[in-house]
Amino acid sequence: MEILRSRRSDDGAGPSLSFYRSAPSLEVRLEQFELFAIDRLRVLKGISDGLSRGKRHEEMEKLVGDLWRANMRHQDPSEMINKDIISHFVLRLAYCRTEELRRWFLSMEITLFRHRFRAESPESQRTLMAEFNLPYKPISNVEYEAIKDKLVQVARCTGQSSNIDSTYFKAPFEEVPDLVGGRRVFLLKGFAYVPMNQVVSFVVHNFRSTLSKALVLTNRKWISTIREQEIDRLTPIIEALSTSYLGPDYSQPKEYAEISLKEINLLANSSFPLCMRHLFDKLKEDHHLKHGGRMQLAILLMGIGLKLDDALAFWKAEFSKKVGAERFDKEYAYGIRHNYGKEGKRTDYTPYSCQKIISSTPGIGDHHGCPYRHFSEENLRAALGKMGIGGRQMEDVMDKVRHRHYQLACTLTFEAIHNISCDSGINHPNQYFSESRKALQPENQQAS
């Protein structure tokens, strides 16, 4: 296993950088296997959210550093390197399985790697380049003196000091497309002369190439051997990671421990996210929901504090208008009690996260799922309009939808309705409800 130790880090002790060229030959407890991966996933999803929000370069640099420090520490400093390596390879397995997953993972890991490399001192960067065995060497003094005037001219034009470092590396121009496109390097005979403060460009280029190829190979190995060999042990963990919900547990309401049946209509209009509001409205309109819609709405209502007796009364009042009270008692009441852990296995269901709702596949006549993903543009615009979204705010939301940033679209909706910022982003319908109640009733927050 290739582990590359850096000479310095932003907190003084690790972590180390790696190209992750080969999987570690380490014994890992199953608990660590999953927990390490989840910690790294928090970092990558935080990066994704920051990029989706259009954060500036300096904001992203701070965000990535904060995310790494908050999630990738280890109580034993000597284990931080292993945590980095293990978590990367676990997520590589989880995200190698489809082209879309591979593309997302590659993009986030590149952003993370770029930040960590930039955080190193020039001396550490030189050492790391040597240890990475990259095919770039500093140009000789003779070559530097021959083109020094040109290098100084480029440095001045790009806002660098004229007293430039004499350490330059020569790389094929196609390996530094960002520097060439930004006219930040001197080109001669097909080569780009890259100053030490810009070497991250071709280091990242090589990292991207290495990881991209590795993901394809990992996918082949996953399909051919790993998936079946680990069907009873690792496979369920791996397949669940890419849709994992990483936020608080909303199976038991906390801030608002109970809601009454008489206030549910008011709460639906003021504090339900679009997915819950759509299901609620359809239930009121049709007096019925198919199984998927009933499950999604019922356990979301449970999560915001609707007690079992009130839940039975609520669903019976609506369904009885279509199927009658007797049929409701025979065919539907059991399912409501089952959701609350009073029937069957007697295990409470956990309210669905945004990721689970987004990944669902509603059929004809179904109303569950994520409206930002599953609605047509016309229907989505109409639904958002009923919530009071319009003008520039509507276009901002639709732009996120077109780029498939569905949770961010929901976050922008929340911010527009409540006129406040939600930096953490919306990751769960019950989080939306809880944050809405805090915003609309700040005195409750102070009293608690």
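First residue of the sequence shown: 1, per full-length UniProt numbering; consecutive thereafter. From the three backbone atoms N, C-alpha and C, an ideal C-beta is built for every residue, glycine too.
Cβ-Cβ distances below 6 Å link R118 to V200 in the same chain, with the five nearest sequence neighbours on each side left out; the list follows chain order.
P195 is bridged by DSSP to Y168. M72 places its beta carbon 8 Å or farther from that of R92. Exclusion of the five residues before and after I238 leaves L93 and A94 as the residues of its chain whose Cβ lies within less than 6 Å of its Cβ. The criterion of a C-beta distance shorter than 8 Å is satisfied by W222 and R97. H428 and S353 do touch by the CB rule: their CB atoms are close to 5 Å apart, below 8 Å. Out of F33, T111, Q32 and L17, the CA that lies nearest to the CA of E61 is found in T111. In this structure, the beta-carbon distance from T411 to G425 falls below 8 Å.
DSSP lists L306 as the bridge partner or partners of I259. The C-beta of C157 has fewer than 16 other C-beta atoms within 10 Å across all chains shown, which makes the residue exposed. In the three-state reduction of the DSSP assignment, P248 falls in the coil class. Contact between the stretch 75-88 and the stretch 17-33 is present: three or more C-beta pairs spanning the two stretches fall below 8 Å. Where L274 is concerned, the enclosing alpha helix (DSSP H) starts and stops at L274 to D286. Under the 10 Å beta carbon count, I364 is surrounded by fewer than 16 other beta carbons and is classified as exposed. Under the DSSP assignment, F186 falls in the beta strand (DSSP E) whose first and last residues are F186 to L188. In the three-state reduction of the DSSP assignment, P371 falls in the helix class. Looking from the CA of A146, the closest CA among Y193, S121, N133 and R114 belongs to Y193.
In the three-state DSSP reduction, P138 falls in the strand class (E or B). Between M196 and the set T243, M129 and S242, the nearest pair of CA atoms involves M129. Exposed is the label assigned to K262, since fewer than 16 other Cβ atoms lie within 10 Å of its Cβ. Between F272 and N419, the alpha-carbon positions lie close to 16 Å from each other. Assignment of R126 by DSSP, reduced to helix, strand and coil, places it in the helix class. Note on geometry: alpha-carbon atoms of I358 and D366 lie some 14 Å from one another. Under the DSSP assignment, Y334 falls in the alpha helix (DSSP H) whose first and last residues are A333 to N339. Contact check for K330 against H287 fails: the beta carbons are separated by 8 Å or more.
Within the same chain, L384, I389, A409, L412 and T413 come within 7 Å of V397 by CB-CB distance, once the 5 residues on both sides are set aside.
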